[in-house]
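**Student:** Provided herewith is a single structure, encoded as structure tokens, for subsequent inquiry.
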Amino acid sequence: MQKQTRISSFIISVSSLAFAFLGGIFIATPSVQAAEPLPFINTTIAKEAATDVLTEDQRKAILREIVSSSQTEIKNIVDALTALKLDDAWSLAQADFLAKLATSSEYYDTLAEQLENEDLSLEDIKTIAKDLKEWREAVYAPELKEIGNLILIFQTKTIYDVVQLRSIKISSDLKKLDKQNLVNTDTLKKYLTQADKSIKNAKTLTDKATDLYYTTSIEPLQPKQAKEESTSDKQPTSLPAVESTENDATVSPEIVIDPQDHVRALAKESLKELKTAYELFFKMNDRIRK
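Following this note's numbering, the numbering of the sequence shown begins with 35 at its first residue and continues without gaps.
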């Protein structure tokens, strides 16, 4: 009976984590939507601008739907951003982003008012659609990418903490199983070692994403003195340079990578590592049930 209780306790340790993940911890978050503006909105804008057969009322209806969806998008991102508990340096960026989102919301409010004007001509509506598309591409989308990365970094850190704590709990349970000689834990330990490696990789990736994001998005907002102190305390984060040799006939042009794209790629790789870890926890769960 005691053996069964101990094994059941281990199963619960693993299953509770599985439930947390299946319950939505890896479901697309506002940060994902922020870094990748809603395809529906961008596609609809392009369709409205390219189609000549739509009436004025139909075009207005499409633009109203875009405005409404965008306002919902902004609200969700504001909620996610506001929920973050950040220190002084990061909170400056948080406040700056909230101000930018408020400005974007006001822009959409203005559009909504314009669309209520019954005297708008077809050309007026086309101009509004064109201006909206250009503004989203030049201003709104880059801002959302940067804001989304901030949210994504801290959500990734939260997930890391959950997985790390679960690994510690499972390790403790394995030691108890060993002491009582209840089951052979060799395979379970192998899975846990692999999971811990993925967790370690996830931390490395998240740290890199955080450092790069801090350099590109947080430091520029700091007061001059604080910025100088921060710069002197750590090495600058940069992308690997392409080395050249004397035998090269030509020098390859440097590939310019958007730092925000790099940040997002690092964070997503970190999440993949964490997902791998919890899949190994699943295997441990299945193994102990046999």
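Just so you know, even glycine gets a beta-carbon here, dropped at the ideal spot from N, CA and C.
Among 316, 225, 205, 92, which has the Cα closest to the Cα of residue 154?
**Tutor:** Cα-wise, what sits closest to residue 154 is 92.
**Student:** Roughly how many angstroms separate the alpha carbons of residue 313 and residue 247, rounded to a whole number?
**Tutor:** One C-alpha to the other measures close to 29 Å.
**Student:** Using three-state DSSP, classify residue 254 as helix, strand or coil.
**Tutor:** Helix.
**Student:** Using the Cα positions of residue 130 and residue 164, report the straight-line distance between them to the nearest angstrom.
**Tutor:** If you take the alpha carbons of residue 130 and residue 164, they lie about 27 Å apart.
**Student:** In three-state terms, what does DSSP make of residue 109?
**Tutor:** Reduced to three states, the DSSP call for residue 109 is helix.
**Student:** Which of the three DSSP states, helix, strand or coil, is assigned to residue 117?
**Tutor:** Reduced to three states, the DSSP call for residue 117 is coil.
**Student:** Return the chain-ordered list of same chain residues with a C-beta closer than 8 Å to the C-beta of residue 240, the five sequence neighbours on each side being excluded.
**Tutor:** Result list for residue 240: 187, 190, 191, 194, 300, 301, 304, in chain order.
**Student:** Determine the burial state of residue 185: buried for a count of at least 16 other Cβ atoms within 10 Å of its Cβ, exposed for fewer.
**Tutor:** Residue 185 should be labelled buried.
**Student:** If you reduce the DSSP assignment to three classes, tell me which class residue 197 lands in.
**Tutor:** Here residue 197 sits in helix by DSSP.
**Student:** Compute the Euclidean distance between the alpha carbons of residue 316 and residue 203, then round it to the nearest angstrom.
**Tutor:** Taking the straight line joining both Cα atoms gives about 14 Å.
**Student:** By alpha-carbon positions, which one of 160, 157, 238, 172 ends up nearest to residue 138?
**Tutor:** Ranking 160, 157, 238, 172 by Cα distance to residue 138 puts 172 first.
**Student:** Alpha carbon to alpha carbon, how far is residue 257 from residue 292? Give it in angstroms, no decimals.
**Tutor:** Residue 292 and residue 257: Cα-Cα distance of roughly 25 Å.
**Student:** For residue 291, which three-state DSSP category applies?
**Tutor:** It is coil, neither helix nor strand.
**Student:** When the Cα atoms are used, what is the spatial distance from residue 74 to residue 127?
**Tutor:** At residue 74 the pLDDT is 47, less than 50, meaning the model places this residue with poor confidence and gives no usable figure here.
**Student:** Alpha carbon to alpha carbon, what distance is there between residue 321 and residue 231?
**Tutor:** Cα to Cα, the separation comes out at about 20 Å.
**Student:** Where residue 309 and residue 229 are concerned, what is the direct C-alpha to C-alpha distance, given to the nearest angstrom?
**Tutor:** Spanning the two alpha carbons is a distance of roughly 9 Å.
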